[in-house]
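Chains as they are written, first to last, in this note's numbering: chain F, 1 to 522; chain H, 1 to 359; chain Z, 1 to 192; chain G, 1 to 195. C-beta atoms are modelled at their ideal positions from N, C-alpha and C, and glycine is treated no differently.
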Amino acid sequence: MTLDNIKTLEPAQLRQEMEGLKAKGFDFLSNLIGMDWGKEGGLGVVYCVENTNTHEQQWLKTATADREQPVLPTVSDLWDIANIYEREAYDFYGIIFAGHPDMRRIFLREDWVGYPMRKDDKPEENNPLRMDNEPLADDTTEYSVAADGTVTTKKNTIFGPDDYVVNIGPQHPSTHGVLHFRVALEGEIIRKIDPVLGYIHRGVEKLNESYTYPQTLALTDRLDYLAAMQSRHALCMCIEKAMGIEVSERVQVVRTILDELQRIDSHILFFSCLCQDMGATTAFLYGFRDREKILDIFEETCGGRLIINYNTIGGLMADIHPNFQKRVKEFIPYMRKNIKEYHAIFTGNVIFQNRSKGIGPLTKEQAISFGCTGGTGRATGWANDVRKNHPYAAYDKVDFNQVLRENGDSFDRYMIRLDEILESLNIIEQLIDNIPEGNYKEKTKPIIKVPEGTYYQAVESSRGEFGVFLESKGDKSPYRLHYRSTGLPLVAAMDTACRGFKIADFVTIGGTMDYIVPDIDR
Amino acid sequence: MFDFTKVTNWIDALLLSFLPGWAATLVECVLVALVIITLYAVFAIILIYMERKICAFFQCRLGPNRVGKWGSIQVLADVLKMLTKEIIDMKNVDRLLHKMAPFLVIVASMLTFACLPWNKGAGVIDFNIGIFFFLAAGSIGVVGILLAGWSSNNKYALIGAMRSGAQIISYEVSIGLVMLTMIVLTGTMSFSEICQQQADLGWNIFRGHIPAALAFIVYLIAGNAECNRGPFDMPEAESELTAGYHVEYSGMHFGFYYLAEYLNLFICAGIASTIFLGGWAPLHIWGLDGFNHVMDYIPGAVWMVGKTFFVVFLLMWIRWTFPRLRIDQLLALEWKYLMPLSLVLLVVMALCVSLGLTF
Amino acid sequence: MSNNNYFSGIFFGVKSLLTGLGVTMKEFFTRKITEQYPENRKELKMFDRFRGRLVMPHNDKNEHKCIGCGLCQMACPNGSIKVTTESVELPDGKKKRQLVKYEYDLGCCMFCELCITACPQGAIEFCTDFENAVFDRTKLVQQLNLPGSHVAEKPVAPKPAAPAAEKPATEKPAAPAAEAPANTNPEKPAAV
Amino acid sequence: MEVKKRAKIKSFPYEEFKDNETYEKLVQELNANGANVIVTQLDNLIDWGRSNSLWPLTFATSCCGIEFMAVCAARYDIARFGFEVTRNSPRQADVILVSGTITTKMAPVLKRLYDQMADPKYVVAVGGCAISGGPFTKSYHVLKGVDKIIPVDVYVPGCPPRPESFLYGMMQLQRKVKVEQFFGTTNKKQKEPKE
């Protein structure tokens with residue numbers, strides 16, 4: 001999608017405009033992207049808000065020319081997720097959001113020097129490897145702008161001296177990677193959660209700015225490795241649309257099938273890990289047993305099990321393997337049978353039911369405000385499926401249901417995923433016999449240059465809306481390539497979901513939220 | 001049925017023939033201690049191997065099979081490694097308590113292990129209040145766990161230990177009540193007499209029929225919880241507390257906890273088979289004299305170990321199937337379901353016995 | 001909680017637990033799916049498209065197809081490939097670039113296939129060898145051209161497996177392009 | 001040096017292992033002083049125990065961690081080697097499989113985890129990221145190889161390495177453990193990271 005209608009606002013107008021949009025039903029802030037437009041353009045932010053009823057999107061941008069102390073107004077009181085997104089923009093670009101209650105770095109160490117995503121910053125020179133323990137402050141700064149333009153600061157407390165703070169992570173079995181939660185406990189009950197991110201922040205977005213377009217593709221697989229197909233699909237689609245490449249029907253269908261296989265793969269892993277977290281180790285192995293079947297399909301056609309590396313600009317790396325259809329057709333009934341086993345051993349189990357029903361509920365409003373897309377959002381009744389709302393690839397040709405549930409608790413989040421496996425199997429079944437003939441790859445120039453402009457493409461990845469925001473200046477490298485993380489909103493919502501529940505519920509809630517850390521940190 | 005007292009009397013007589021009375025007793029004590037420790041180690045190794053194999057089979061995989069035939073000496077390798085692994089000395093811990101805690105656990109476990117009647121006449125600790133002693137000795141273990149959690153100066157360990165304290169003390173109530181139920185049936189607290197009675201009259205689980213069978217189930221649940229094993233492994237709850245109370249222990253100190261966990265499982269199963277399944281008493285079916293005669297040829301120790309391993313298998317099956325409970329659910333299960341049930345069972349059993357409704 | 005709920009709760013709880021026990025007991029007796037890796041080394045075969053390690057196939061005359069153009073080095077996102085060339089004077093007086101050393105860092109490679117797509121000669125490909133663990137980091141930097149090898153004068157044989165991007169990709173479900181690189185050259189360059 | 005005799009791996013001929021040159025050099029260094037027969041036998045026994053009981057620490061940062069889970073799962077079943085007892089506490093683990101990218105923010109944490117482990121401890125760098133920074137070598141926030149902060153015993157390349165590669169790497173580590181000396185040399189390894 002080419003974004004030619006981005007509305008440019010002066011920082012002073014921003015609040016008013018945003019409040020107006022929020023009142024008009026634009027209640028989902030899907031993107032908040034920090035930008036550095038150089039000396040002339042200044043530092044700024046691109047916003048994307050979406051109306052959850054009409055699925056209409058509105059893009060806006062604002063900028064300030066002050067590079068020493070860039071200050072923009074906050075929108076964190078309008079959308080909960082803006083809290084985290086603005087911290088990200090602060091961390092990478094040094095943009096201060098006046099009125100934001102918690103202006104701390106989020107990905108980088110608190111003693112990091114400079115703002116790495118600024119075009120003129122030299123992060124490696126200023127930051128040698130620090131082997132001392134990371135300082136973690138217990139209080140934070142709030143900035144506000146007085147009427148005469150002076151910036152004042154105020155201290156806010158995160159954890160007081162009486163809080164019993166337990167560090168869950170960065171190396172902890174139930175955080176699914178290197179995620180760090182500082183949890184204030186009262187006995188076994190959780191009082192507050194403060195996520196500390198960035199333990200796997202690899203600077204993918206910065207790397208992209210120096211890579212050629214084909215090279216950028218290689219990194220998408222490594223963001224959310226359980227949505228490798230879909231992430232790469234999104235980036236390929238974004239570049240293809242920007243360059244006006246039409247891929248064949250065949251490619252569309254194959255991509256759709258593989259996306260759905262990837263979704264099943266991810267959801268099986270979700271099931272397995274949840275079982276593992278809750279102590280049902282055996283069910284964990286059943287999940288992995290079935291997942292291997294999908295990995296075999298992937299490996300035979302694409303050459304990789306996890307990092308699949310299959311989509312490419314203009315099509316696919318290679319045509320599907322002759323065995324592909326046969327294997328997929330064998331897999332569909334096999335998986336349908338085994339889902340029943342999952343239900344027998346785990347879903348129905350009274351211990352699991354008691355540990356998940358009513359645990360960590362999110363309301364629909366909360367889910368939208370936090371931007372929790374994917375299964376977590378749909379468990380609250382929020383119909384946010386990108387495949388339905390903004391169809392792409394072959395999704396408008398197939399018939400499938402958007403699985404929705406009402407309660408938004410851990411059990412619903414879990415059931416959504418298992419039901420989506422069945423739904424994905426349906427989609428695959430409809431397509432697998434009808435793969436049209438056609439080229440598996442369109443011819444592209446050896447050096448790919450995307451015409452100047454701003455583009456956005458979202459796909460429904462395994463755990464929500466994955467978006468690719470591309471700003472090109474017509475070079476062979478992107479000027480800015482931003483990925484909308486599917487997991488970041490989920491982590492942001494953890495505090496809301498966990499408060500008042502027990503430390504054992506934290507594991508359940510974290511498990512059912514289903515976040516993947518490398519995707520959060522990018 | 002072979003009476004093991006013949007062997008012990010013969011050894012006693014042999015020693016007395018050339019030693020004064022006190023020295024003979026001393027030598028006997030040392031001998032018995034050696035036998036117990038060896039048995040303890042051997043059973044621990046067998047159990048760990050068994051658990052790893054059984055768990056693998058439940059999970060459609062093979063389990064250890066590269067060290068020795070079918071991986072049979074895998075656990076020996078683990079023990080060797082553990083023995084030669086560093087024991088880390090830590091700052092900021094309560095040294096004395098930290099070092100003492102694993103020994104408390106292992107001592108408690110060995111004391112209870114010694115209570116098991118292996119064969120007719122082969123019970124090490126056997127006196128008229130054997131069950132009482134068993135319960136008392138068993139609860140030393142929880143002190144070890146609490147101390148481990150407290151002295152480690154680690155928040156996870158502390159939470160784990162506190163959970164463990166709450167859990168074990170709660171389930172002790174059920175275990176006590178269930179045992180009381182069976183004492184009402186047997187009229188004795190001595191393990192050897194309980195077994196002898198069952199050899200003569202039939203297994204308690206049949207004699208006490210419905211209340212005894214229910215008591216058996218309650219015992220299995222509560223016993224499993226006492227051992228801190230899944231689905232009641234809250235104190236260690238890997239996914240929440242990394243390793244719970246023993247998170248700071250390394251080398252053989254951790255090894256003690258590891259061994260004690262498996263041996264406690266064995267002891268729990270052993271007591272279940274002693275009290276409910278007849279201990280060393282062979283299976284007799286009324287009216288089938290030929291069958292009973294054949295059964296009598298199988299030695300008592302085989303019966304005892306066989307029954308125990310059967311119960312161990314049941315517990316492992318449960319462990320590898322269910323997810324873990326949450327601490328409040330665990331306590332609710334005890335106080336809302338098991339404790340009332342065992343109280344009812346106690347009353348029902350007393351009624352049955354006084355009305356002569358038992359076999 | 002009413003009494004009714006209490007008892008029906010127990011009933012359904014126990015039933016669900018027994019269902020679970022049934023499932024695991026069934027699996028206990030099902031055939032195990034474990035593949036025993038070192039034991040099955042002889043039978044173990046990777047999928048053809050599996051990317052294990054970059055190799056440069058040589059024919060039996062110790063010739064490879066690399067002309068040392070360096071396109072792969074440019075395509076590599078993280079500098080895993082280093083091509084060293086030298087200029088030699090041909091008998092007819094023309095200067096020609098020739099490959100001296102083709103260094104490939106296996107410990108850095110991200111298996112993105114960009115080098116293979118970029119190669120105009122089809123001189124490099126992925127082999128399916130996966131046993132690559134070593135004790136020494138420097139052993140992962142491999143020289144792909146064999147000692148004493150040189151570039152083939154003419155293409156050895158018109159290779160069916162020219163990289164996908166080269167040819168106008170056509171639909172060939174029966175014999176997909178990337179399937180062929182197969183076993184034409186099983187030899188493995190010795191680690192340097 | 002009886003290299004072959006001491007480092008036999010079941011179902012895997014010695015000659016077919018890669019990097020035997022480094023291995024033999026290592027053996028020679030370790031056994032330079034020589035030892036008497038009894039000590040050697042005891043050493044062999046202890047090494048046998050250690051090499052067959054390498055309990056990994058549950059540690060994963062990214063993609064390779066998922067493959068590690070696959071190795072532990074039914075199809076590849078690391079339990080066959082006896083390594084399935086993954087410990088969540090570094091105190092009880094023997095080997096840390098650094099599977100995934102280590103960022104500069106994570107580096108002190110990894111170092112701390114390593115320091116918390118009890119001797120003997122081993123490090124396996126799994127995947128391109130751990131070996132050299134891999135796909136993210138050019139990033140400002142990624143450690144270019146864990147051997148910069150902790151000593152690495154075995155490197156398993158791949159992105160991510162497939163489960164068999166994992167097992168192969170673990171067998172390489174077993175070979176390394178099998179030639180160590182418990183007696184005669186210092187019990188604690190005084191390894192220093194490169195650079």
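Looking at the secondary structure, which residues open and close the alpha helix (DSSP H) in which residue i lies?
| i | result |
| --- | --- |
| Val35 of chain H | Gly21 to Phe58 |
| Gln13 of chain F | Pro11 to Ala23 |
| Met35 of chain F | Not the alpha helix (DSSP H): Met35 of chain F falls in the beta strand (DSSP E), residues Phe28 to Asp36. |
| Pro163 of chain G | Pro163 to Lys178 |
| Pro73 of chain F | Where Pro73 of chain F is concerned, there is no enclosing alpha helix (DSSP H), although the beta strand (DSSP E) it sits in stretches over Val71 to Pro73. |
Give a yes or no on whether the C-beta atoms belonging to residue i and residue j are separated by under 7 Å.
| i | j | result |
| --- | --- | --- |
| Cys64 of chain G | Gly145 of chain G | no |
| Gly381 of chain F | Leu404 of chain F | yes |
| Ala458 of chain F | Val386 of chain F | yes |
| Ile106 of chain H | Met316 of chain H | no |
| Val178 of chain F | Thr101 of chain G | no |
| Ala225 of chain H | Ile175 of chain H | no |
| Glu240 of chain H | Val517 of chain F | no |
| Pro117 of chain H | Phe191 of chain H | yes |
| Ser424 of chain F | Ile264 of chain F | yes |
| Ile275 of chain H | Thr112 of chain H | no |
| Ala260 of chain H | Thr308 of chain H | no |
When you compare the CB of residue i with every CB in chain F, is at least one pair closer than 7 Å?
| i | result |
| --- | --- |
| Gln167 of chain H | no |
| Cys127 of chain Z | no |
| Gly290 of chain H | no |
| Arg324 of chain H | yes |
| Lys105 of chain G | yes |
Of all the CB atoms in chain H, is at least one closer than 7 Å to the CB of residue i?
| i | result |
| --- | --- |
| Gly474 of chain F | no |
| Gly20 of chain Z | yes |
| Arg191 of chain F | no |
| Ala178 of chain Z | Low local confidence applies: a pLDDT of 40 at Ala178 of chain Z is under 50, so the model's placement there is unreliable, with the coordinate-based value given in what follows. Not closer than 7 Å to any Cβ of chain H, the Cβ of Ala178 of chain Z fails to qualify, so no. |
| Gly279 of chain F | yes |
Can you give me the start and stop residues for the beta strand (DSSP E) that residue i sits inside?
| i | result |
| --- | --- |
| Cys127 of chain Z | Glu125 to Cys127 |
| Val27 of chain G | First-last for Val27 of chain G: Asn20 to Leu30, but that is the alpha helix (DSSP H), not the beta strand (DSSP E). |
| Asp139 of chain F | Asp139 to Val145 |
| Arg291 of chain F | Looking at the DSSP string, Arg291 of chain F is not in any beta strand (DSSP E); the run it does join, the alpha helix (DSSP H), is Thr281 to Cys302. |
| Ala458 of chain F | Gly453 to Ser461 |
| Ser472 of chain F | Gly464 to Ser472 |
Between residue i and chain Z, is any beta-carbon pair separated by less than 7 Å?
| i | result |
| --- | --- |
| Lys189 of chain G | For Lys189 of chain G, the predicted structure reports a pLDDT of 49, less than 50, and the residue's modelled location is therefore unreliable. A value from the coordinates is still provided. No, its Cβ sits nowhere closer than 7 Å to a Cβ of chain Z. |
| Asp77 of chain G | yes |
| Leu62 of chain H | yes |
| Thr358 of chain H | no |
Output yes if chain G places a C-beta closer than 7 Å to the C-beta of residue i; else output no.
| i | result |
| --- | --- |
| Gly242 of chain H | Just to set this straight, residue 242 of chain H is Thr in the shown sequence, not Gly. So, interface residue. |
| Leu285 of chain F | yes |
Could you list which residues in chain Z have their beta carbon closer than 7 Å to that of residue i, in chain order?
| i | result |
| --- | --- |
| Phe57 of chain H | Phe28 |
Item to check | Minimum length 3: unbroken beta strand (DSSP E) runs contained in the stretch 115 to 156 of chain G | outcome: You should have 122 to 126 and 154 to 156.
Checklist entry - Of all the beta strand (DSSP E) runs that stay within the bounds of the stretch 188 to 268 of chain F, which reach a length of 3 or more residues? => result Within the stretch 188 to 268 of chain F, the complete beta strand (DSSP E) runs of at least 3 residues are 189 to 196.
Item to check | In chain order, each alpha helix (DSSP H) run of at least 4 residues that lies wholly inside the stretch 25 to 102 of chain Z | outcome: Those alpha helix (DSSP H) runs which fall completely within the stretch 25 to 102 of chain Z and span 4+ residues are 71 to 75.
Checklist entry - Could you give the uninterrupted runs of the beta strand (DSSP E) lying entirely in the stretch 115 to 151 of chain Z, keeping only those of 3 residues or more? => result Counting only runs that start and end inside the stretch 115 to 151 of chain Z, the beta strand (DSSP E) elements of at least 3 residues fall at 125 to 127 and 141 to 143.
Next on the checklist: For a minimum of 4 consecutive residues, which ranges assigned as the alpha helix (DSSP H) are wholly contained in the stretch 305 to 332 of chain H?
Outcome noted: Those alpha helix (DSSP H) runs which fall completely within the stretch 305 to 332 of chain H and span 4+ residues are 327 to 332.
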